[in-house]
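Student:
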Amino acid sequence: MFHKHNRQRIPTRINSTTRICRIALTILTVSMASACGTSASPLTIVTTSSAAEPAPSIDGIEDLLAERALSSIQPGDGAVEIITAGQDRTTTVDLTPMRNEEVEAIPERARHLVDARLADLTATLSRLTAGTSELDLLTVLDRGVRRTPPGGTVMVLSSGIQTVDPLNLSTLGWSFDPRQAAIDLAERGLIPDAAGRHVSMSGIGTALGTQPALPRPQRQLLIELWREVCAASGAESCEISDQEVTLTVPLATLPVSVVAVPHLSTEEPSCRSGLIRIPDSVLFQPDTARLLPSADASLSALARQFTACSPGVAIRIVGHSADVDPDRIDGEDLSEQRAYMARNRLVELGVPDRYFAEIRGAADTERRVDNHVDGQFDEALAAMNRRVEISVEVK
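My numbering applies: residue 1 is where the sequence shown begins, and numbers increase by one.
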């Protein structure tokens with residue numbers, strides 16, 4: 001399955017801004033190809049989509065994907081293939097701005113078409129769930145590089161908190177040397193052969209759902225591990241983004257082993273500011289504010305996180321609904337009821353009521369995407385708008 005090859009060294013100390021810019025250059029290499037009159041190089045997204053990490057998202061890379069799609073000169077140039085762990089079938093979302101049988105040449109119209117395609121990609125990713133229990137990035141990465149021809153880009157959306165051999169973090173512990181771990185894998189022929197491909201990773205070290213959050217030192221250790229694995233793969237370039245993004249509670253339910261994490265030091269904050277997005281299908285019965293029996297799986301994990309906050313924290317919960325009728329505001333009462341129901345359950349699970357600074361319903365006034373396409377209601381896009389968002393502000 002994996003291949004041995006010479007290992008190349010890649011610098012490991014790169015700041016966040018530099019990483020994002022380099023990922024932009026990696027993806028936009030296809031734009032240079034298009035400018036020269038050649039087809040864009042292939043792009044493959046691989047995702048582990050487990051119950052122990054945020055749902056896969058293009059937050060932070062959306063503009064880069066848009067630029068790639070807008071550089072299309074041939075039909076299909078903007079196509080993105082998606083490989084999900086444990087799922088045999090791949091999914092393709094074509095971001096190419098097509099007008100009938102031709103690529104749209106008028107920039108304003110092309111951008112409108114690309115935005116609609118990006119919404120489709122976002123909706124597709126949000127529905128993905130792993131087809132296997134446990135989290136195995138190494139195997140799905142190997143599938144991705146095999147599927148992507150040389151010159152292409154493999155984009156990894158995963159926490160990288162692997163729970164199976166040969167990189168089972170429960171077995172490795174948190175005192176391993178990342179470089180030596182990659183060398184050991186290479187000597188056993190267990191490193192994917194990514195020669196000629198560009199590899200970028202997003203979300204490494206970010207846990208959610210059933211997996212407790214990693215302290216900063218462990219997140220950095222994990223980032224270094226996957227950078228070393230990528231370097232050992234012979235990839236043309238290896239970039240890992242640690243940009244802060246909105247976290248979406250996963251839809252996946254197959255069990256994933258919990259990797260124990262060290263106790264936080266007194267210098268490490270146990271409560272962090274951020275935004276957490278929960279799809280309505282994770283919490284509520286359809287068209288009601290009644291919690292599903294399974295809702296506690298997500299809310300209990302959040303309650304443990306919030307109870308670690310100091311009394312100065314400000315938690316805000318906002319309910320959102322889909323746009324059913326463009327001529328009126330939809331779901332005003334339901335969105336508010338759902339926000340209060342989520343708050344009430346978190347309080348029952350131990351979060352102090354005084355931590356909540358605001359509870360409100362936004363109805364359909366703060367949509368993530370337009371869920372009407374060419375005047376027609378789109379259920380897949382509407383599902384993205386039905387959500388509860390929890391923001392945490394640590395003062």
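Beta carbons are placed, not taken as given, at the ideal position from N, Cα and C, and that holds for glycine.
The structure displayed is predicted, hence computed values, not measured ones.
1. For the pair the region 83–100 and the region 344–351, tell me if three or more CB-CB distances fall below 8 Å.
2. Kindly confirm or deny that the region 148–159 and the region 110–118 touch, where touching means at least three C-beta pairs closer than 8 Å.
3. Taking C-alpha atoms, which residue in Ser71, Pro75, Glu81 lies nearest to Thr47?
4. Check whether the region 181–199 touches the region 148–157, taking contact to mean three or more Cβ pairs, one atom from each stretch, closer than 8 Å.
5. Keeping to the same chain, check which residues put their C-beta closer than 6 Å to that of Ile315; ignore five residues upstream and five downstream.
6. Roughly how many angstroms lie between the CA atoms of Gln218 and Gly274, to the nearest whole one?
7. Buried or exposed: where does Asp242 fall if 16 or more other Cβ atoms within 10 Å of its Cβ makes it buried?
8. Report the rounded CA-to-CA distance for Leu299 versus Arg386, giving the unit in angstroms.
9. Using the rule of at least 16 other Cβ atoms within 10 Å of the residue's Cβ for burial, across every protein chain shown, is Glu379 buried or exposed?
10. Counting only runs that start and end within the region 141–213, where is the alpha helix (DSSP H) found for 4 or more residues in a row?
11. In the DSSP assignment, the beta strand (DSSP E) including Ala314 goes from what residue to what residue?
12. Going by alpha carbons, who is nearest to Val261 out of Glu101, Ser281, Thr171, Ala116?
13. Going by DSSP, what residues sit across from Phe284 in a beta bridge?
14. If distances are taken between C-alpha atoms only, which option among Gln337, Gly76, Ala289, Ile61 comes closest to Glu102?
15. Please confirm whether Ala55 and Ala297 have their CB atoms less than 9 Å apart.
16. Whose C-alpha, out of Arg188, Gly331, Thr163, Arg272, is nearest the C-alpha of Leu222?
17. Nearest-angstrom Cα distance between Ala35 and Ser71?
18. Going by beta carbon distance, what residues of the same chain come within less than 8 Å of Phe306, once the five residues before and after it are set aside?
19. Looking only at its own chain, which residues have a Cβ that is under 6 Å from the Cβ of Gln180, when we skip the five neighbours before and after it?
20. Per DSSP, which one or two residues make a beta bridge with Met98?
21. Roughly how many whole angstroms lie between the Cα atoms of Val282 and Glu187?
22. If you reduce the DSSP assignment to three classes, tell me which class Ile397 lands in.
23. Assign Gly209 to buried or exposed, taking buried as 16 or more other Cβ atoms, counted over all protein chains shown, within 10 Å of its Cβ.
24. Below 8 Å CB to CB, which residues in the same chain sit around Ser16 once its five sequence neighbours on both sides are set aside?
25. Which residues share a DSSP beta bridge with Gln399?
Tutor: With the given structure in hand:
1. Contact fails between the region 83–100 and the region 344–351, because fewer than three Cβ pairs, one in each stretch, are under 8 Å apart.
2. Output reads no: the region 110–118 does not touch the region 148–159.
3. Among Ser71, Pro75, Glu81, the Cα nearest to that of Thr47 belongs to Glu81.
4. Flag = yes, the region 181–199 and the region 148–157 touch.
5. Result list for Ile315: Tyr355, Phe356, Val392, in chain order.
6. Spanning the two alpha carbons is a distance of roughly 19 Å.
7. Classification for Asp242: buried.
8. Their Cα atoms are separated by approximately 17 Å.
9. Exposed, by the Cβ-count rule.
10. If we require 4 residues or more, the alpha helix (DSSP H) runs fully inside the region 141–213 come out as 169–172, 178–187.
11. That run of the beta strand (DSSP E) goes 314–320.
12. Among Glu101, Ser281, Thr171, Ala116, the Cα nearest to that of Val261 belongs to Thr171.
13. Bridge pairing for Phe284: Leu291 [DSSP].
14. The shortest Cα separation from Glu102 among Gln337, Gly76, Ala289, Ile61 belongs to Gly76.
15. Not closer than 9 Å, so no.
16. When only C-alpha atoms are compared, the closest one is Thr163.
17. Only weak support is given to the placement of Ala35: the predicted model assigns it a pLDDT of 45, under 50, and the value that follows is read from those uncertain coordinates. C-alpha separation (whole angstroms): 8 Å.
18. Excluding sequence neighbours, Phe306 sits near Cys271, Val313, Ile315, Leu346, Val351, Tyr355, Val392.
19. For Gln180, where only same-chain residues beyond five positions count, there are no Cβ hits under 6 Å.
20. Val103.
21. Each residue's alpha carbon lies about 43 Å from the other.
22. There is simply no residue 397 to check, as the chain begins at 1 and stops at 395 in what is shown.
23. That one is buried.
24. Here Ser16 scores only 49 on pLDDT, less than 50, and its place in the model is too uncertain to base an answer on.
25. Absent from the structure is residue 399, since the part of the chain shown begins at 1 and ends at 395.
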